[in-house]
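Counting in my numbering, the sequence shown runs from 52 upward without gaps.
Cβ coordinates follow ideal geometry from the N, Cα and C atoms, glycine included.
Notes follow once the structure below has been shown.
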Amino acid sequence: RLTYPSVAEGGCFDVITVHREDWRKLWQPDVYFDNSLRENYLADLLFIYPDGKIWKSMRIQHDFECPMYFHKLPFDTQTCRIST
């Protein structure tokens with residue numbers, strides 16, 4: 052893990068903000084949803100801290116397939132599963 056000195060240790064940064072166009076330069080695990088019909092990437096952030104820790108936040112909007120069964124209507128219960 053790469054580290055760098057914080058401001059308190061004589062460095063220049065306490066956190067590095069990585070812009071989205073540079074994310075591809077960093078390895079990141081892929082998250083895949085088996086039953087996603089559509090996905091839309093919205094707001095996102097990626098920070099690198101002096102101790103090498105990375106914090107990533109990404110808002111993703113998904114549309115999922117969810118079969119529904121209404122044969123007990125109005126007393127039916129629906130369960131929609133999200134599989135990764």
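{"Check": "The region 52-59 contacting the region 86-96, beta-carbon criterion three pairs below 8 Å", "Outcome": "no"}
{"Check": "Nonlocal neighbours in the same chain, by C-beta distance under 6 Å from Leu53, ignoring five residues either side", "Outcome": "Gly103"}
{"Check": "The region 92-106 / the region 119-133 touching (three or more Cβ pairs under 8 Å)", "Outcome": "no"}
{"Check": "Strand pairing of Ser87, partner residues [DSSP]", "Outcome": "Phe115"}
{"Check": "For Lys107, the three-state DSSP class (helix, strand or coil)", "Outcome": "strand"}
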